[in-house]
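Shown next, in structure tokens, is the structure this report addresses.
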Amino acid sequence: MSGANDIATQIGFDDFMKVDIRVGTITRAEPYPEARKPAIKLWVDFGGEIGEKKSSAQITAHYDPETLPGRQVVAVVNFPPRQIGKVMSEVLVLGVPDANGEVVLLGPSTEVPDGGRMF
């Protein structure tokens, strides 16, 4: 597996289109003290056909559960569900590392309709 700073292997546009990345709004967030690394449980509403999905994210350096509801994020919605401790994570919320390697969430700079697919 490549390191965080390695350039990934080139892929074709058809490969990119297999990854379904959508925007959603965090509706609920709770501390997840049982996680091995500090994390927050998230419920994200992707609207319409996808609905609300659950995830766990190691974002405690920059975010508090109380401030996350209402924030729009982008997430991969077509990975199979994955058990993360006691939480069944249904989507992968996306972020990038800050200068210290802590996660900063990705999201649109302007409010957009939930469920919109990234292109």
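Using the working numbering, the first residue of the sequence shown is number 863, and each one after it goes up by one. Even for Gly, the Cβ is constructed at its ideal location relative to N, Cα and C.
Item                                                                                                                                     : Value
By a C-beta neighbour count over all protein chains shown, 10 Å radius and 16 as the cutoff for buried, is valine 885 buried or exposed? : buried
Can you tell me the Cα-Cα spacing of valine 953 and proline 893, whole angstroms?                                                        : 18 Å
Rounded to a whole number of angstroms, what is the C-alpha to C-alpha distance between threonine 887 and glutamine 920?                 : 18 Å
For the beta strand (DSSP E) containing aspartate 877, list its first residue and its last residue.                                      : Counting along the chain, aspartate 877 falls outside any beta strand (DSSP E), though it belongs to the alpha helix (DSSP H) covering 875-880.
In angstroms, rounded to a whole number, what distance separates the CA positions of serine 951 and alanine 870?                         : 25 Å
Looking at the structure shown, is methionine 863 part of a helix, part of a strand, or coil, going by DSSP?                             : Any reading at methionine 863 must be qualified, since the residue scores a pLDDT of 40, below 50, and its modelled position is unreliable; no value is offered.
Hey, how far is the Cα of isoleucine 902 from the Cα of phenylalanine 875?                                                               : 33 Å
Could you give the DSSP three-state label for proline 927: helix, strand or coil?                                                        : helix
Compare the Cα-Cα distances from arginine 890 to each of Met879, Lys915, Glu896 and report the closest residue.                          : Lys915
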